[in-house]
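In our numbering, the protein residues as written are 2 to 135.
We treat Cβ as the ideally placed atom computed from N, Cα and C, and that holds for glycine.
Reading through the structure tokens given below for one structure.
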Amino acid sequence: MKLTLQKPDTIGALASVLCVVHCVITPFLFLAHSCSQHSCSTTPVWWRSIDYFFLFISLCSVYHSTQSTSKRIMKYLFWINWTVLCFLVINEKFQVVSLSEIFTYATAFGLALLHIYNLKFCKCKNDKCCSKSL
């Protein structure tokens, strides 16, 4: 948790990219493995739970990034993007609305890009430039 507090944008960008990689390779890994041994519908619970792990890491990163950004608009963009990503991940688990996975990929990449942009252009030089509330 200390690393997340010190470098939230770096951790957030990394978590977002790893989330996308996880989402992209999952079908290929389990199609090759599961269909060769069992029915195609078997997927370990630990693998399906990784989505929630990434959501938690990104939540911590977004929270701490919004505390240290110098641009107010970044706070809104972070929270809107994270909320959409959270909805898409939960929707994928429960199939409330049928949506293409491209939305999840785009949202996760968008969150990674926000962290990278914030890291390069929106960092506070001192405590005075950062407002602590939305």
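Checklist entry - Hey, residue 21 and residue 77 are a contact pair by Cβ (cut 8 Å); roughly how many whole angstroms apart? => result Sequence index remark: in the sequence shown, residue 21 carries index 20 (1-based). Sequence index remark: in the sequence shown, residue 77 carries index 76 (1-based). Not really, about 23 Å apart at Cβ, beyond 8 Å.
Could you tell me if residue 63 is buried or exposed, where buried requires 16 or more neighbouring beta carbons within 10 angstroms of its beta carbon? As a working note, residue 63 is residue 62 in the sequence shown. With 16 or more Cβ atoms within 10 Å of its Cβ, residue 63 is classed as buried.
Check the C-beta distance from residue 109 over to residue 86 and give it rounded, since I have them as a contact under 8 Å. By 1-based counting over the sequence shown, the position of residue 109 is 108. By 1-based counting over the sequence shown, the position of residue 86 is 85. Between residue 86 and residue 109 the Cβ distance is about 6 Å, and since that is below 8 Å, they are a contact.
- Item | Between the CA atoms of residue 88 and residue 55 - distance to the nearest angstrom | On the sequence shown, position 54 is the one that residue 55 refers to. On the sequence shown, position 87 is the one that residue 88 refers to. If I take the Cα positions, the gap works out to 13 Å.
By the DSSP assignment, the alpha helix (DSSP H) with residue 93 in it spans what residues? Sequence index remark: in the sequence shown, residue 93 carries index 92 (1-based). Residue 93: member of the alpha helix (DSSP H) spanning 73-95, first to last residue.
- Item | Bridge partner(s) assigned by DSSP for residue 108 | Taking the first residue of the sequence shown as 1, we reach residue 108 at position 107. Per DSSP, none; premise fails for residue 108.
* Cα-Cα separation, residue 8 to residue 90 -> Taking the first residue of the sequence shown as position 1, residue 8 is located at position 7. Taking the first residue of the sequence shown as position 1, residue 90 is located at position 89. When the Cα atoms are used, residue 8 and residue 90 turn out to be separated by approximately 25 Å.
Legend entry - Simplified DSSP state of residue 8, which is helix, strand or coil: The residue given as residue 8 occupies position 7 in the sequence shown. Taken through DSSP and simplified to helix, strand or coil, residue 8 comes out as coil.
| task | Report the rounded CA-to-CA distance for residue 96 versus residue 15, giving the unit in angstroms. | result | Indexing the sequence shown from 1 puts residue 96 at position 95. Indexing the sequence shown from 1 puts residue 15 at position 14. A straight line joining the alpha-carbon of residue 96 with that of residue 15 spans about 27 Å.
Check: Apart from the five residues just before and just after residue 120, which ones in its own chain have a Cβ nearer than 8 Å to its Cβ?
Finding: Numbered from 1 along the sequence shown, position 119 holds the residue referred to as residue 120. Spatial neighbours of residue 120 in its own chain (CB-CB distance under 8 Å, excluding positions within 5 residues in sequence) are listed in chain order as 10, 11 and 14.
* Just the C-alpha distance for residue 25 and residue 92, rounded to the nearest angstrom, thanks. => Taking the sequence shown and counting its residues from 1, the one referred to as residue 25 is at position 24. Taking the sequence shown and counting its residues from 1, the one referred to as residue 92 is at position 91. Their backbone Cα atoms lie some 17 Å apart in a straight line.
Worksheet item: If you draw a straight line from the alpha carbon of residue 115 to that of residue 47, how long is it in whole angstroms?
Response: Stepping through the sequence shown from its first residue, residue 115 is reached at position 114. Stepping through the sequence shown from its first residue, residue 47 is reached at position 46. In this model, residue 115 and residue 47 are separated by some 28 Å (Cα to Cα).
Short of 7 Å in beta carbon distance, which residues of its chain neighbour residue 72, apart from the five on each side in sequence? Order them along the chain.
Looking up residue 72 in the sequence shown gives position 71. The answer, listed in chain order, is 123.
How long is the line joining the alpha carbons of residue 79 and residue 67, rounded to whole angstroms?
Taking the sequence shown and counting its residues from 1, one reaches residue 79 at position 78. Taking the sequence shown and counting its residues from 1, one reaches residue 67 at position 66. Roughly 7 Å separates the two Cα atoms.
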